[in-house]
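Student: Heads up: the sequence shown begins at 320 in the working numbering, then just goes up one per residue. Note that beta-carbon positions come from the ideal geometry of N, C-alpha and C, so glycine has one too. Model, not experiment: these values are computed from the prediction. Here it is, the structure in full.
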Amino acid sequence: MILIDGKKVAADVRAELKEETAEFEARYGRKVGLAVVLIGEDPASQVYVRNKIRACEEAGIRSFAHYLPADVSQKSAEELVLSLAADENVHGILVQLPLPKHLDAERILACIPTAKDVDGFSAENVGKLALHEEGTVACTPFGVMELLTRYGIDVRGKRAVVVGRSNIVGRPMALLLLNADATVTVCHSRTQDLRGECARADILIAAIGKPKFITADMVKDGAVVVDVGINRVDGKLVGDVDFEEVSKKASFITPVPGGVGPMTIAMLLKNAVACAKRIVK
Ligand code: GUN
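Listed below in structure tokens is the structure:
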């Protein structure tokens, strides 16, 4: 069994990006700029945003942090995003999700121009992914593909099973695997024979959001297992995979923490640099 070291791969990606951002600055006389908008006080979001901003600085990206109170109006939130859309120093805009309930997230995200959509959440970027055209891909599934590539795992012709169909992970993950020529099955809460579907997978991606949901009896011997889950149980981070048992059967497996998690931020930075390069070209 090979443990996939997401921390190491993320550090490699970030080191490569540091060179790219330095080149960008030398050529265009300004830094790559990423705006991060946090609305409200969700504790997990506060941690994510802090980490994203720190990672920007380390990679030579200028960050523009905007903190809005939980009771901000729809209009003020949209106005902030529109002002960032018009700001030449900002090449990417990220609105941390989830948003407070009274806000219409779709309408706020719609204020982000596709060229600055570093999360790849816009209908246009999702459409490009579905059409197998170049665009920005959501950071977490993009990070999973980067891990598979860097560990020499060829998905072509393989049976890939994605458990979960969220817009942020499951759906784009399935499209990326399809674009890489895997034979893809998407499972979800209504799937009839979930155990059977998972047990046929050469590559199993768990993105359900339930601690230790994937047990050893659901995994084929020699399968590649990628755990996208981040669940807090008794103050500890636990994935969607029962790591202790499943790791005995897997050929490759990602741990939680230290697997997919660190890749999400690394790919966000990669997307920001790619957006900046496309904008200035
Ligand atoms: N909340 C959880 N994951 C993400 C993400 O990838 N991007 C944003 N903007 N919010 C998130």
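From what residue to what residue does the beta strand (DSSP E) around C506 run?
Tutor: It spans T502 to C506 - the beta strand (DSSP E) in which C506 sits, taken as one unbroken run.
Student: Determine the direct distance from the alpha carbon of A591 to that of A526, and round the result to whole angstroms.
Tutor: Rounded to whole angstroms, A526 to A591 spans 24 Å at the Cα level.
Student: Where V456 and A499 are concerned, what is the direct C-alpha to C-alpha distance, given to the nearest angstrom?
Tutor: Answer to the nearest angstrom: the Cα atoms are 14 Å apart.
Student: May I have the straight-line CA-CA distance separating K601 from D521, to the nearest angstrom?
Tutor: Beyond the ends of the chain as shown, which are 320 and 600, falls residue 601; an answer cannot be given.
Student: What does H451 pair with, by DSSP beta-bridge criteria?
Tutor: Answer by DSSP bridge pairing: none, since H451 is not bridged.
Student: Any idea what DSSP makes of A479, helix, strand or coil?
Tutor: Three-state result, A479: strand.
Student: At 4 residues or longer, and completely inside the segment 535-570: list those alpha helix (DSSP H) runs for me, N to C.
Tutor: Runs of the alpha helix (DSSP H) inside the segment 535-570: 562-565.
Student: Report the option in V351, Q365 and K350 whose CA atom is closest to the CA atom of L357.
Tutor: Nearest option by C-alpha distance: Q365.
Student: Considering only the beta carbon of each residue, do D561 and I524 sit closer than 8 Å?
Tutor: No, Cβ-Cβ distance for D561 and I524 is not below 8 Å.
Student: Does the contact criterion of 3 or more C-beta pairs under 8 Å hold for the segment 421-433 versus the segment 480-489?
Tutor: Contact fails: fewer than three Cβ-Cβ distances are below 8 Å.
Student: From what residue to what residue does the beta strand (DSSP E) around R381 run?
Tutor: Taken as a continuous stretch (DSSP letters only), the beta strand (DSSP E) holding R381 covers R381 to L387.
Student: Measure the Cβ-Cβ separation of A585 and G462 and say whether it is below 8 Å.
Tutor: Closer than 8 Å, so yes.
Student: If distances are taken between C-alpha atoms only, which option among T510, V474, A518 and E398 comes closest to A501?
Tutor: Out of T510, V474, A518 and E398, V474 has the C-alpha closest to the C-alpha of A501.
Student: Can you tell me which of K447, R373, A354 and E453 puts its alpha carbon nearest to the alpha carbon of N408?
Tutor: For N408, the nearest C-alpha among the options comes from A354.
Student: Can you tell me where the beta strand (DSSP E) with G352 in it begins and where it stops?
Tutor: Run containing G352: G352 to I358, per the beta strand (DSSP E) assignment.
Student: Please find out if some non-hydrogen atom of the ligand GUN comes closer than 7 Å to the beta-carbon of T459.
Tutor: For the ligand GUN, at least one heavy atom lies less than 7 Å from the Cβ of T459.
Student: Here's a check: name, in chain order, each residue in its chain whose Cβ is nearer than 8 Å to the Cβ of A518, leaving out the five neighbours to either side.
Tutor: Around A518: D536, M537, V538 and K539.
Student: Name the residue from L587, I549, L387 and G325 whose alpha carbon lies nearest to the alpha carbon of A374.
Tutor: Nearest of L587, I549, L387 and G325 to A374, Cα basis: L587.
Student: Given a cut-off of 8 Å, decide if V547 and A569 are closer than it, judged by their beta-carbon atoms.
Tutor: No, the pair does not count as a contact, with Cβ atoms beyond the cut-off.
Student: Relative to the ligand GUN, is the shortest distance from any of its heavy atoms to the C-beta of Q365 smaller than 7 Å?
Tutor: No, the beta carbon of Q365 sits no closer than 7 Å to any heavy atom of the ligand GUN.
Student: Output needed for P576: all residues of its chain with C-beta closer than 6 Å, excluding positions within five of it in sequence on either side, in chain order.
Tutor: Same-chain partners within the cutoff: L556.
Student: Using DSSP with H/G/I as helix, E/B as strand and the rest coil, what is D331?
Tutor: Helix.
Student: Report buried or exposed for G325, applying the criterion of at least 16 other Cβ atoms within 10 angstroms of its Cβ.
Tutor: By the neighbour-count rule (16 or more Cβ atoms within 10 Å), G325 is buried.
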